[in-house]
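Asker:
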Amino acid sequence: MKVRVRYFALFREQTGCSAEAVEWPGGTAAELFQQMAAKHAGLTAEAAALVAVNDEMASWESTLSDGDEVLFFPPVAGG
Amino acid sequence: MKVRVRYFALFREQTGCSAEAVEWPGGTAAELFQQMAAKHAGLTAEAAALVAVNDEMASWESTLSDGDEVLFFPPVAGG
Amino acid sequence: MKFSVSDTPIDVAAARQAVADRSCGALVVFEGWIRDHNEGQEVERLEYEVYRPVAVKEGERIIDEAVERFGVSNALCIHREGLLELGEVAVLVCVSSPHRGEAFDACRYIIDQAKTRLPIWKKEHYVSGVSEWVNCEHCAAAGHAHGETPHD
Amino acid sequence: MKFSVSDTPIDVAAARQAVADRSCGALVVFEGWIRDHNEGQEVERLEYEVYRPVAVKEGERIIDEAVERFGVSNALCIHREGLLELGEVAVLVCVSSPHRGEAFDACRYIIDQAKTRLPIWKKEHYVSGVSEWVNCEHCAAAGHAHGETPHD
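Chains as they are written, first to last, in the working numbering: chain A, 340 to 418; chain B, 340 to 418; chain C, 22 to 173; chain D, 22 to 173.
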């Protein structure tokens with residue numbers, strides 16, 4: 340299946356990329372992140388990172404669907 | 340001994356008086372209030388009333404001295 | 022002067038500016054406004070009587086306590102006196118601090134204490150033409166020990 | 022719009038006015054300011070990156086939660102985006118309510134939640150010339166589960 344992945348702030352700098360199309364066998368958001376971390380040497384998992392799918396906050400354990408847009412948010416720091 | 344008594348807000352309206360000179364045998368602020376309540380029929384004790392002596396907040400149990408200025412504050416309601 | 026009494030409208034923007042500080046990341050402000058009703062009666066305007074000598078001294082003490090207890094950087098409180106119209110600011114508290122937790126706690130402490138310790142009384146003038154000295158909500162119940170449970 | 026993102030300076034007075042309400046006796050305001058230092062480094066200016074589609078949706082949700090949970094009358098939150106100078110307001114929360122207890126609680130809830138749930142990141146530019154994405158203070162410790170203990 341195909342998904343679109345977007346990186347923000349620190350993650351964008353670590354991957355050197357703001358968005359990419361990914362073809363993969365499917366799985367959870369956490370599994371997708373692991374696969375992307377294997378691809379981009381600089382991308383490191385953070386306990387406080389968040390994930391959104393199709394502009395809705397999601398759980399790392401949620402299963403992705405074909406065509407999803409997956410947003411990887413490094414630890415947030417508003418305010 | 341002689342003290343000066345001042346009444347504020349509701350107490351001033353209940354006694355119809357803002358200040359008076361009082362000659363009495365001495366005692367605590369609470370005792371003075373009781374005596375004034377006996378004199379002014381309208382003056383009623385309130386659990387949340389406060390007392391100050393010579394412009395400092397005081398306890399109802401504090402013993403008064405000759406020449407003190409005693410301020411009777413009905414329940415406060417700032418803000 | 023950290024605590025002051027004003028017989029003219031409170032300048033909220035100026036007060037906020039007075040506690041601004043580049044080492045601070047947080048400002049918490051409390052404003053008490055004149056509501057259009059209280060305990061079922063329609064309020065037209067309100068009158069505050071303040072006994073300034075004790076109010077100012079005790080007000081400064083409350084602010085000192087808040088600064089010491091919570092470690093905030095700057096704090097001030099201004100209370101109105103005299104006749105106020107609906108919507109006017111009756112009391113203002115501003116607290117600035119490096120972090121927000123202390124600023125919230127100190128601001129709340131100051132207004133809670135101010136409401137129970139300062140010789141300030143309010144008389145509400147109702148639309149009905151009647152006017153009345155207002156006791157704090159909970160004092161109506163006989164024997165209520167003031168100051169134990171601060172409230173509006 | 023209860024939650025909004027602004028790329029120009031936040032008008033605090035206008036926001037305060039927007040929650041004013043004659044049935045309310047209390048206003049609590051929180052302002053987050055750009056401090057001149059953070060973890061020992063001198064800050065020159067600061068940059069916020071905001072992913073608006075999710076930030077606005079989640080921000081509105083936080084405000085709805087606060088209104089429902091604490092029963093306040095009006096609440097709003099504005100967050101800056103882009104480059105900010107020292108002393109500027111980075112985030113503003115205004116809450117009005119008949120009584121003050123709920124207003125304090127709701128204001129604190131909104132800023133605590135906003136800091137841990139909204140896709141907003143800050144990059145600090147130091148006087149030294151270095152710049153760095155800022156993690157929240159406690160996240161540096163590995164394995165810190167975010168959201169359990171909101172903090173500045």
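Ideal Cβ placement from N, Cα and C applies to all residues, glycine included.
Give me, in chain order, the residues of the same chain whose beta-carbon lies closer than 6 Å to that of V50 (chain C); leave out the 5 immediate sequence neighbours on both sides.
Answerer: C115
Asker: In whole angstroms, what separates the C-alpha of A380 (chain A) from that of T354 (chain A)?
Answerer: 8 Å
Asker: Counting contacts by CB-CB distance shorter than 9 Å, is P140 (chain D) in contact with chain A?
Answerer: So, interface residue.
Asker: Assign T137 (chain C) to one of three DSSP states: helix, strand, or coil.
Answerer: helix
Asker: Could you run through the segment 116 to 133 of chain D and flag, in chain order, every residue whose CB is less than 8 Å away from some CB of chain A?
Answerer: I132
Asker: According to the neighbour-count rule (16 or more other Cβ atoms, all chains shown, within 10 Å of its Cβ), is T137 (chain D) buried or exposed?
Answerer: buried
Asker: Along the chain, where does the beta strand (DSSP E) that runs through F412 (chain B) open and close?
Answerer: E408 to F412
Asker: Use the C-beta contact count for A162 (chain C): other C-beta atoms within 10 angstroms, 16 or more gives buried, fewer gives exposed.
Answerer: Legend: pLDDT at A162 (chain C) = 41, less than 50; position of this residue unreliable, no value from coordinates given.
Asker: Could you check if E123 (chain D) belongs to the surroundings of the ligand SAH, using beta carbon to heavy atom distance under 8 Å?
Answerer: Inclusion of the ligand SAH in the displayed structure is not the case, the ligand content being empty and no account of it being possible.
Asker: Between the C-alpha atoms of D394 (chain B) and F347 (chain B), what's the straight-line distance to the nearest angstrom?
Answerer: 13 Å
Asker: Would a check of beta-carbon distances place Y147 (chain D) closer than 9 Å to chain A?
Answerer: Output row for Y147 (chain D): interface = no.
Asker: Pull the bridge partners of N95 (chain C) from the DSSP assignment, please.
Answerer: C:S117
Asker: Could you tell me the alpha carbon to alpha carbon distance between I99 (chain D) and M396 (chain A), rounded to whole angstroms?
Answerer: 20 Å
Asker: Measuring alpha carbon to alpha carbon, tell me which of A:E359, A:A386 and A:L382 ends up nearest V342 (chain A).
Answerer: Ranking the options by Cα distance to V342 (chain A), first place goes to A:E359.
Asker: May I have the straight-line CA-CA distance separating I55 (chain C) from E123 (chain C), to the nearest angstrom?
Answerer: 27 Å
Asker: Closest Cβ-Cβ distance between K136 (chain D) and chain A: below 9 Å?
Answerer: At least one chain A Cβ lies under 9 Å of K136 (chain D).
Asker: Do S94 (chain D) and D42 (chain D) have their C-beta atoms within less than 9 Å of each other?
Answerer: yes
Asker: With a threshold of 9 Å between beta carbons, is K23 (chain C) in contact with chain B?
Answerer: no
Asker: Shortest alpha-carbon distance to S152 (chain D) belongs to which of D:R101, D:E63 and D:R90?
Answerer: D:E63
Asker: What are the boundary residues of the alpha helix (DSSP H) that includes R351 (chain A)?
Answerer: A348 to T354
Asker: Under a CB-based cut-off of 9 Å, is L105 (chain D) close to chain C?
Answerer: no
Asker: Going by C-alpha to C-alpha distance, which of A:G417, A:V409, A:G418 and A:V415 sits closest to M375 (chain A)?
Answerer: A:V409
Asker: Are the CB atoms of K144 (chain D) and G417 (chain A) nearer to each other than 9 Å?
Answerer: no
Asker: Where do the ends of the beta strand (DSSP E) carrying E68 (chain D) lie?
Answerer: Its beta strand (DSSP E) spans residues Q62 to V71.
Asker: Looking at C-alpha atoms only, which residue of B:S398, B:K378 and B:L403 is the closest neighbour of A387 (chain B)?
Answerer: B:S398
Asker: Run through chain D and tell me which residues come within less than 8 Å of M340 (chain A), C-beta to C-beta.
Answerer: Those do not exist, as M340 (chain A) stays about 23 Å from chain D at its closest Cβ, beyond 8 Å.
Asker: Only counting the same chain, and skipping five residues up and downstream in sequence, which positions put a Cβ closer than 8 Å to that of S149 (chain D)?
Answerer: Exclusion of the five residues before and after S149 (chain D) leaves Q62 and E63 as the residues of its chain whose Cβ lies within less than 8 Å of its Cβ.
Asker: Confirm, please, whether the CB-CB distance from L107 (chain D) to D32 (chain D) is below 9 Å.
Answerer: no
Asker: Measuring only the C-alpha atoms, how far is E400 (chain B) from A368 (chain B)?
Answerer: Each residue's Cα considered, the two are about 6 Å apart.
Asker: To the nearest angstrom, report how far apart I141 (chain C) and P414 (chain B) are at their CA atoms.
Answerer: 9 Å
Asker: By how many angstroms is the C-alpha of G46 (chain D) removed from the C-alpha of G80 (chain D)?
Answerer: 25 Å
Asker: For W154 (chain C), which residues in the same chain have their Cβ closer than 7 Å to its Cβ, ignoring the five residues on either side in sequence?
Answerer: Counting only residues of its own chain and dropping the five nearest sequence neighbours on each side, W154 (chain C) has a CB closer than 7 Å to the CB of W142 and K144.
Asker: For V40 (chain D), which of D:V88, D:R73 and D:Y72 has the nearest alpha-carbon?
Answerer: D:V88
Asker: Would you list the one or two residues that DSSP bridges to E153 (chain C)?
Answerer: C:E145
Asker: Based on Cα-Cα distance, which residue from D:V110, D:Y147, D:P119 and D:E102 lies nearest to V26 (chain D)?
Answerer: D:E102
Asker: With distances taken between CB atoms, is the gap from A76 (chain C) to L139 (chain C) smaller than 9 Å?
Answerer: A distance below 9 Å separates the beta carbons of A76 (chain C) and L139 (chain C).
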